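Peer 1:
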Amino acid sequence: MEAKGCFAIFLALVSITGAFSATFTVKNNCPYTVWPGTLTGGGGSQLSKTGFELASGASSTVDAPAGWSGRFWARTGCSTDSSGRLTCATADCASGAVECNGAGAIPPATLLEFTLNDDGGKDFYDVSNVDGFNLPASITPQGGCSSTECRSNINSVCPPELSVKDAGGSVVACKSACLALQQPQYCCTGSFNTAETCPPTNYSKIFKDACPQAYSYAFDDRSSTFTCAAGGNYDITFCP
Numbered sequence: 001m002e003a004k005g006c007f008a009i010f011l012a013l014v015s016i017t018g019a020f021s022a023t024f025t026v027k028n029n030c031p032y033t034v035w036p037g038t039l040t041g042g043g044g045s046q047l048s049k050t051g052f053e054l055a056s057g058a059s060s061t062v063d064a065p066a067g068w069s070g071r072f073w074a075r076t077g078c079s080t081d082s083s084g085r086l087t088c089a090t091a092d093c094a095s096g097a098v099e100c101n102g103a104g105a106i107p108p109a110t111l112l113e114f115t116l117n118d119d120g121g122k123d124f125y126d127v128s129n130v131d132g133f134n135l136p137a138s139i140t141p142q143g144g145c146s147s148t149e150c151r152s153n154i155n156s157v158c159p160p161e162l163s164v165k166d167a168g169g170s171v172v173a174c175k176s177a178c179l180a181l182q183q184p185q186y187c188c189t190g191s192f193n194t195a196e197t198c199p200p201t202n203y204s205k206i207f208k209d210a211c212p213q214a215y216s217y218a219f220d221d222r223s224s225t226f227t228c229a230a231g232g233n234y235d236i237t238f239c240p
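With our numbering, the residue at position 141 of the sequence shown is 141, and numbering never jumps.
#1: From this set, G43, D126, A91, L86, which residue's C-alpha is nearest I236's C-alpha?
#2: Work out the CA separation of G42 and G51 for me, nearest whole Å.
#3: Under a three-way DSSP split, which group does E149 fall into?
#4: Tell me the DSSP bridge mates of D118?
#5: With DSSP collapsed to three states, give me the class of I139.
#6: In this structure, how does DSSP classify A230 when only helix, strand and coil are distinguished?
#7: In this structure, how does DSSP classify K165 when only helix, strand and coil are distinguished?
#8: Which of the three DSSP states is assigned to S191 in this structure?
#9: Work out the CA separation of P200 and P212 for me, nearest whole Å.
#10: Does DSSP put N255 in a helix, a strand or coil?
#11: Is it buried or exposed for I16, if we count other Cβ within 10 angstroms and need 16 for buried?
#12: From what residue to what residue does the alpha helix (DSSP H) around L181 run?
#13: Quick one: grab the DSSP three-state call for D209.
#14: Just the Cα atoms here: how many angstroms apart are A8 and C198?
#15: Consult DSSP for N28 and reduce its assignment to one of helix, strand or coil.
#16: If I'm right that N155 touches A173 with Cβ under 8 Å, what's the distance once you round it to whole angstroms?
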């Protein structure tokens, strides 16, 4: 009976904590405040934190259950108007609040994407500039698996036709060619919907040269997707 009781307690703990759940420690190394957001994919339940404010040098933790799939990003240049509505210069989720409440980032936005405990007990993760770029970011697993990052400031090399500028004329984000030009050869759609028919372009190479580990366009899987045994935790750093 004692052994059965211990096993029952173990099962209860597993049901509460979730097997192979993960804790994300989100750090802001930028010299300005950012507003991270989270979005669960596939119609799953949103995390307890869908948005929060991080001052320069601050960090916060976000817990995700086993099997979670979704993304993180960071909004910049946010302010509240007289009605209390929050708007952001880049990567806004248009919720009007610090919490994004199930809304994703409006591109361009640097994305940090995760699929936990998939394909035989593996986590998959990547930094993606497929939806454009707004700030440098990195993912570092706690436990020895490979990190991935986009450390360079792509805004400094962004072509004029892809640039997003603030009121003062400074480039604050860089659109993907797909977003800016809306052509199938850049979006890998229509007759360009395979890896063979949608090779890298001169625009995607700008992103890839600046950040070799990050996704630069839709079929950039080979050098940009990373895996780790499920059950670990992750550090996400903005401006690493």
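Just so you know, even glycine gets a beta-carbon here, dropped at the ideal spot from N, CA and C. The structure presented is a predicted model; accordingly, all values stated were derived computationally and were not measured.
Peer 2: So, to answer that:
#1: For the purposes of this step, residue 236 is taken as the residue at position 236 of the sequence shown. Closest option to I236, Cα to Cα, is D126.
#2: Locating residue 51 in the sequence shown gives position 51, counting from the first residue. Locating residue 42 in the sequence shown gives position 42, counting from the first residue. Computed Cα separation, rounded: 19 Å.
#3: Here the question's residue 149 lines up with position 149 in the sequence shown. Reduced to three states, the DSSP call for E149 is strand.
#4: Position 118 of the sequence shown, counted from the start, is the residue given in the question as residue 118. Per DSSP, K122.
#5: The count along the sequence shown starts at 1 and reaches residue 139 at position 139. Three-state result, I139: strand.
#6: Walking along the sequence shown from the start, residue 230 turns up at place 230. Looking at A230 - three-state DSSP - the assignment turns out to be coil, as it is neither helix nor strand.
#7: Numbered from its first residue, the sequence shown carries residue 165 at position 165. In the structure shown, K165 sits in a strand (DSSP, three-state: E or B).
#8: As a position in the sequence shown, residue 191 is number 191, starting the count at 1. DSSP places S191 in helix when its eight states are reduced to three.
#9: Taking the first residue of the sequence shown as 1, we reach residue 212 at position 212. Taking the first residue of the sequence shown as 1, we reach residue 200 at position 200. Answer to the nearest angstrom: the Cα atoms are 13 Å apart.
#10: Within the shown structure, residues of the chain are numbered from 1 to 240, placing residue 255 beyond reach of any answer.
#11: The count along the sequence shown starts at 1 and reaches residue 16 at position 16. In this prediction, I16 has a pLDDT of 41, which is less than 50 and means its spatial position is unreliable; what the coordinates show is noted afterwards. By the neighbour-count rule (16 or more Cβ atoms within 10 Å), I16 is not buried but exposed.
#12: By one-based count along the sequence shown, residue 181 stands at place 181. Where L181 is concerned, the enclosing alpha helix (DSSP H) stretches over 177-181.
#13: Along the sequence shown, read from residue 1 onward, the residue named residue 209 stands at position 209. D209 falls in the helix class under three-state DSSP.
#14: Reading the sequence shown from its first residue, position 8 is the one you call residue 8. Reading the sequence shown from its first residue, position 198 is the one you call residue 198. In this prediction, A8 scores a pLDDT of 42, lower than 50, which makes its location untrustworthy; no coordinate-derived value is stated.
#15: Mapped onto the sequence shown, residue 28 falls at position 28. The answer is strand: DSSP assigns N28 an E or B state.
#16: Looking up residue 155 in the sequence shown gives position 155. Looking up residue 173 in the sequence shown gives position 173. Confirmed, Cβ separation roughly 7 Å.
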